[in-house]
Every structure is written in C-alpha cells, then in structure tokens.
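Protein chains in written order, with this note's numbering: chain A, 10 to 265; chain B, 10 to 265. All remarks here apply to the structure that follows.
2 protein chains.
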Amino acid sequence: MSGGYVEVFALEGIPEVRPGDDLPALLVAALRRAADALPLREDDVLVVTQKVVSKAEGAIVDLTTIEPRPEAVEFARRWDRDPRQLEVVLRQARRVVRWQNGVLITETPHGFICANGGVDASNVGPASGSIVTLLPVDPDASADLIRAAVRAAFGVDVPVIVSDSFGRPWRWGIMDVAIGVSGMQPLDDLRGTPDADGRVMKSTVRATADEIATAAELAFGKTAGRPAALVRGAQPTRGEGRIADVLMPREFDLFP
Amino acid sequence: MSGGYVEVFALEGIPEVRPGDDLPALLVAALRRAADALPLREDDVLVVTQKVVSKAEGAIVDLTTIEPRPEAVEFARRWDRDPRQLEVVLRQARRVVRWQNGVLITETPHGFICANGGVDASNVGPASGSIVTLLPVDPDASADLIRAAVRAAFGVDVPVIVSDSFGRPWRWGIMDVAIGVSGMQPLDDLRGTPDADGRVMKSTVRATADEIATAAELAFGKTAGRPAALVRGAQPTRGEGRIADVLMPREFDLFP
Numbered sequence: 010m011s012g013g014y015v016e017v018f019a020l021e022g023i024p025e026v027r028p029g030d031d032l033p034a035l036l037v038a039a040l041r042r043a044a045d046a047l048p049l050r051e052d053d054v055l056v057v058t059q060k061v062v063s064k065a066e067g068a069i070v071d072l073t074t075i076e077p078r079p080e081a082v083e084f085a086r087r088w089d090r091d092p093r094q095l096e097v098v099l100r101q102a103r104r105v106v107r108w109q110n111g112v113l114i115t116e117t118p119h120g121f122i123c124a125n126g127g128v129d130a131s132n133v134g135p136a137s138g139s140i141v142t143l144l145p146v147d148p149d150a151s152a153d154l155i156r157a158a159v160r161a162a163f164g165v166d167v168p169v170i171v172s173d174s175f176g177r178p179w180r181w182g183i184m185d186v187a188i189g190v191s192g193m194q195p196l197d198d199l200r201g202t203p204d205a206d207g208r209v210m211k212s213t214v215r216a217t218a219d220e221i222a223t224a225a226e227l228a229f230g231k232t233a234g235r236p237a238a239l240v241r242g243a244q245p246t247r248g249e250g251r252i253a254d255v256l257m258p259r260e261f262d263l264f265p
Numbered sequence: 010m011s012g013g014y015v016e017v018f019a020l021e022g023i024p025e026v027r028p029g030d031d032l033p034a035l036l037v038a039a040l041r042r043a044a045d046a047l048p049l050r051e052d053d054v055l056v057v058t059q060k061v062v063s064k065a066e067g068a069i070v071d072l073t074t075i076e077p078r079p080e081a082v083e084f085a086r087r088w089d090r091d092p093r094q095l096e097v098v099l100r101q102a103r104r105v106v107r108w109q110n111g112v113l114i115t116e117t118p119h120g121f122i123c124a125n126g127g128v129d130a131s132n133v134g135p136a137s138g139s140i141v142t143l144l145p146v147d148p149d150a151s152a153d154l155i156r157a158a159v160r161a162a163f164g165v166d167v168p169v170i171v172s173d174s175f176g177r178p179w180r181w182g183i184m185d186v187a188i189g190v191s192g193m194q195p196l197d198d199l200r201g202t203p204d205a206d207g208r209v210m211k212s213t214v215r216a217t218a219d220e221i222a223t224a225a226e227l228a229f230g231k232t233a234g235r236p237a238a239l240v241r242g243a244q245p246t247r248g249e250g251r252i253a254d255v256l257m258p259r260e261f262d263l264f265p
C-alpha cells in the first residue's frame, strides 16, 4: 500500500525522437542528467508516452501513401475527418466497435478498445502533417527494453509503463492509461484484503498502472514536449505483469 | 500548463467521520496540523473522497430498513449480491444502464453512469455491516463548502474535488474520478492550442479533475484510512466549473 506521499517528475531535455532512434538510450541519458537532483530509486516507476515509443520503433504511416476506401471517404466528408487516417485505423482494427457521430472506435490487435485505434496525428514532429503514429506492436516488449536499459545503466530495477491518452464513454475528456508494462502488476487485487474497519473487501481491483500513467500525465503537460516521467512512491506490486491482464475478456464486456 | 513536477500529500489524522460531523472543520484541522511541514499554496488542489462527504452529510442507508423487490432478490441470489443494496441502487437510479453478469450499472440523479450507482458498502465504519453510503446529493455544493472553509481558515483559495472510484468498460480495475468540483474547470480544452510542433490540436480535451482525483488516490492507499489529499503543481484552469461540464449528453453517448 501507498505511504501517503507521491511525487511525479517529468524528465527534461529529451530530444525529438525519430524512427530508428535508440529510445532506451535517450531515456537513460535524461535520467543521467537528472541523477544529481534525482537519483533513481527502487520505488520509482518510469512512464514513457506511446508517441515516442512508436516513433522510435518506426510505428508510423505517411498518409500520402494511403488510398482510403469509399466508406472512409464518405464518413470523413460527413464529419470533417481525414479519410486516410480512418483508412489506417480500419486496416489496423481487429473489429469496429462504433463508427458513428464522427467517432471511430475500434479494437486494436492488442485488444485495446479506443478512439481511432490509437492512431494519432498530433505531436509527431515538425513539418509532418501527413504522418500518423500507430500503437507499438508489443508495448510490453517496448517497456521491457527500456527497463533493461535502465537497469543496466543504474543497477536499479525500475518498473516501466508505456502510456497513452484514451477517451471513455459517458464523460468528456481523455485520461492516460497504461498500454504496456514491465516489472509490475498492472492491477492490484484488494479482494480479500481487510479494509480500514477490518471487514473483508469483496470486489476492489485497482487499476494501478493506469493510475500511475495518469499521475505522470499531470506532470507532462500536453504540449510541453515532455514524453517521460518518474512517479515516485506509488508502490505498485512488483512482478512480471503484462498489459493483457487489464483487458476484460469479451464474455464480461457489457458494452460490445 | 504543468510545470513538470507534481506532488501528492495524503492528509493524516482525520478521524472516523460520522453523520452530522463538520467535515470542512475536520479537513481544516488536518490542514492546520500539516501546516508547518506543508503550508497551503495557491497551486494546491484539495481532493476529498466521496465516502467521508457522504457520511458527514448523512447520505447513508441502513440496509436492515430496506425491503428488496423480487427482481433484486432473484438477481442477488443468482450472483451472490445483497438484494437490499441492489434495491437501494434501483431506488436511487434515474435509469438502469446494464443489469446482467452480476453487475448493476445505473445512471445516478447527477447523471453519473457507474456500477451500483455509487452505493458503496466498504469502509463505512466499524460494526456497520448493514450501512451503505449513497453519493452526496450535490457534490459540487459539498466541494463549495469545503473550499469556503479552507479559504476562511487560511486565506488561500484552493480548488476542491470530491472523488469516487469508478470502474470502466473493457478494462478491469477502478480508477478515481471527480464527482464534484469547486474553484476549477474540470476539463482543459486544448482544442485550438498549438502542440509542441506548432500545429493546432483539433480535439484534445483533458479530464483534468479526474486526473487529479486519480493522482490523489495513489497517495490515499485503499485501506489506510486517508480520505483527503493535497495535489500540488497540477495547475488546473481556475474558474467556477461544475461537474456537469464533464458529463456527455445523451445525444453523444455511443454506449447507452
């Protein structure tokens, strides 16, 4: 359980990331620059945004190469969208969950259900209006590589979360969630843990990785070019969890 | 925008809250005890959990007084639930959104869509197995009262969020969201704000109040008896926002 105090430090000075860049090395360099003020600790979690992971891994598409299908052209015309982006989303999708009111919600190959399948046009670099990022192919593996590089550089085994901003039903606004984890359990199952009154809690599972991703986002600022942060003191359960642990199987899904 | 550094301090020593207690005064006392180490600042947000707000306001029901309807009895038997709690949820509900797989999701009178209509059995005090909390009648007003008491005591106008833990579709685990706000806008509309590359972002609205509620939760710990926290440095947009600003109107709801 938490110790009542959590700090979030955005890492500064990470340069614009380009395809083929060694992102783990860039993050290690940023942590090294911060190390005097901010020596890495065992109770840190390193949160890295999807955008820089996707860019480093080359998970990008140039929309000028995309020929949209007629349904995408029609939907885009009606709702003022880019038909080529819609086409990329549809090609990536495992299934279409909703496609109405200007919104395209799909299930990604990873099993995430989100607007535009995580395909994103903003913040992808200067003079790049036609470039979109896809989600990393295996965000857990991306997190594994970053964690290994940090451990090799500092001798501290820090859990890593790859984060992205998702909308949600019923409420306006996006929040950050985890799309990949390494070195921690993404959920904390408090079922069976006595609550403060000594009664046993029946059904509390906390989305710890998503909560840590959201806390990191508060320090990023959306337009400030900070793609990574340390979250200190959140005390997630260590272990070799995978993001698939968070995903609700279809048979439990009340909003298919 | 954020300055890249956010701290979350759980407030310690708040006693068990009972109906009729002056919660704003209890929070002021906790802030006063913390004041040497932690003088209140303009960039703080005070987050208070629904549970203590509801208890102080007497928004509780003794299940021994509740006669469940036959549908609640049947559903409870099938899914190992308390039929009296289901009855309370149904009486409070503006509408039933889903009632299957052991899950009852309703729309509350406030317009929140959540499991069990926010009616909650855990952490409601010793020897109180039959007591459940309802949501506060007007959580914005609850936040207003706390904010006014803090301002009167310290001369600092700190935004206040009343938080609760909600599940969400497609992902296991609960996260905290805001159910009432005072002194801030619950959303930050970045539409029209240039991103780091100078391009104009088309559709980014951040759920700032929900993000701050979640950050606070990381410091609460679920069973540690900490019902309030200061979140410092998140820099929400000040103003007289209301939680209704967050709620998506029915015509935009793709998951009715």
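Even for Gly, the Cβ is constructed at its ideal location relative to N, Cα and C.
Own chain, CB closer than 6 Å to residue i, minus 5 neighbours either side, in chain order
i: residue 58 of chain B; result: 172, 236
i: residue 88 of chain B; result: 111
i: residue 28 of chain B; result: 67
CB contact below 8 Å: residue i versus chain A
i: residue 221 of chain B; result: yes
i: residue 188 of chain B; result: no
i: residue 29 of chain B; result: no
i: residue 15 of chain B; result: yes
i: residue 213 of chain B; result: yes
i: residue 194 of chain B; result: no
i: residue 101 of chain B; result: no
i: residue 21 of chain B; result: yes
i: residue 140 of chain B; result: no
CB contact below 8 Å: residue i versus chain B
i: residue 166 of chain A; result: no
i: residue 147 of chain A; result: no
i: residue 52 of chain A; result: no
i: residue 93 of chain A; result: no
i: residue 127 of chain A; result: no
i: residue 26 of chain A; result: no
i: residue 114 of chain A; result: yes
i: residue 76 of chain A; result: no
i: residue 35 of chain A; result: no
i: residue 227 of chain A; result: yes
i: residue 39 of chain A; result: no
i: residue 143 of chain A; result: no
i: residue 262 of chain A; result: yes
Per-residue contacts from residue i into chain E (C-beta, under 9 Å)
i: residue 257 of chain A; result: In summary, chain E is missing from the structure at hand, where the protein chains are A and B.
Residues bridged to residue i (per DSSP)
i: residue 264 of chain A; result: Beta-bridge pairing links residue 264 of chain A to no other residue.
i: residue 58 of chain A; result: A:172
i: residue 239 of chain A; result: A:18, A:55
i: residue 71 of chain A; result: A:140
i: residue 113 of chain B; result: B:108
i: residue 186 of chain A; result: A:173
i: residue 158 of chain A; result: Paired residue(s): none; residue 158 of chain A is not in a bridge.
i: residue 124 of chain A; result: A:114
i: residue 214 of chain B; result: B:198
i: residue 191 of chain B; result: B:169
i: residue 292 of chain B; result: This structure leaves residue 292 of chain B out entirely; chain B is present only between 10 and 265.
i: residue 35 of chain A; result: Per DSSP, none; premise fails for residue 35 of chain A.
Cut-off 7 Å between Cβ atoms - residues of its own chain near residue i, not counting five sequence neighbours on either side
i: residue 52 of chain B; result: 241, 242, 244
i: residue 222 of chain A; result: 56, 170, 172, 185, 186, 187
i: residue 83 of chain B; result: none
i: residue 61 of chain A; result: 26, 32, 236
i: residue 154 of chain A; result: 33
i: residue 12 of chain B; result: 242, 244
Rounded Cβ spacing between residue i and residue j (contact assumed at less than 8 Å)
i: residue 143 of chain B; j: residue 188 of chain B; result: 12 Å between Cβ atoms; not a contact.
i: residue 159 of chain A; j: residue 32 of chain A; result: Not really, about 11 Å apart at Cβ, beyond 8 Å.
i: residue 262 of chain A; j: residue 178 of chain B; result: 7 Å
i: residue 18 of chain A; j: residue 228 of chain A; result: 7 Å
i: residue 146 of chain B; j: residue 68 of chain B; result: 7 Å
i: residue 71 of chain B; j: residue 139 of chain B; result: 6 Å
i: residue 182 of chain A; j: residue 166 of chain A; result: That belief does not hold up - the Cβ atoms of residue 182 of chain A and residue 166 of chain A are roughly 34 Å apart, past 8 Å.
i: residue 224 of chain A; j: residue 224 of chain B; result: 4 Å
i: residue 94 of chain B; j: residue 152 of chain B; result: At roughly 26 Å, the Cβ-Cβ gap does not stay under 8 Å, so residue 94 of chain B and residue 152 of chain B are not in contact.
i: residue 316 of chain A; j: residue 180 of chain B; result: Shown here, chain A extends from 10 to 265; a query on residue 316 of chain A therefore has no answer.
Own chain partners of residue i with C-beta closer than 8 Å, once the 5 adjacent residues on each side are dropped
i: residue 115 of chain B; result: 98, 99, 101, 102, 103, 104, 105, 106, 122, 123, 125, 126
i: residue 252 of chain A; result: 119, 148, 149, 187, 188, 189, 190, 195, 218
i: residue 96 of chain B; result: 75, 76, 77, 78, 81
i: residue 34 of chain A; result: 158
i: residue 265 of chain A; result: 106, 259
i: residue 24 of chain A; result: 35
i: residue 176 of chain B; result: 123, 124, 182, 183
i: residue 136 of chain A; result: Reliability fails at residue 136 of chain A, whose pLDDT of 49 lies under 50, so the model's placement of it is uncertain and no value is given.
i: residue 141 of chain B; result: 69, 70, 72, 94, 97, 128, 129, 130, 133
Review point. Got a sec: which bits of the stretch 47–72 of chain B sit with their beta carbon under 9 Å from any beta carbon on chain A, in order along the chain?
Key: none
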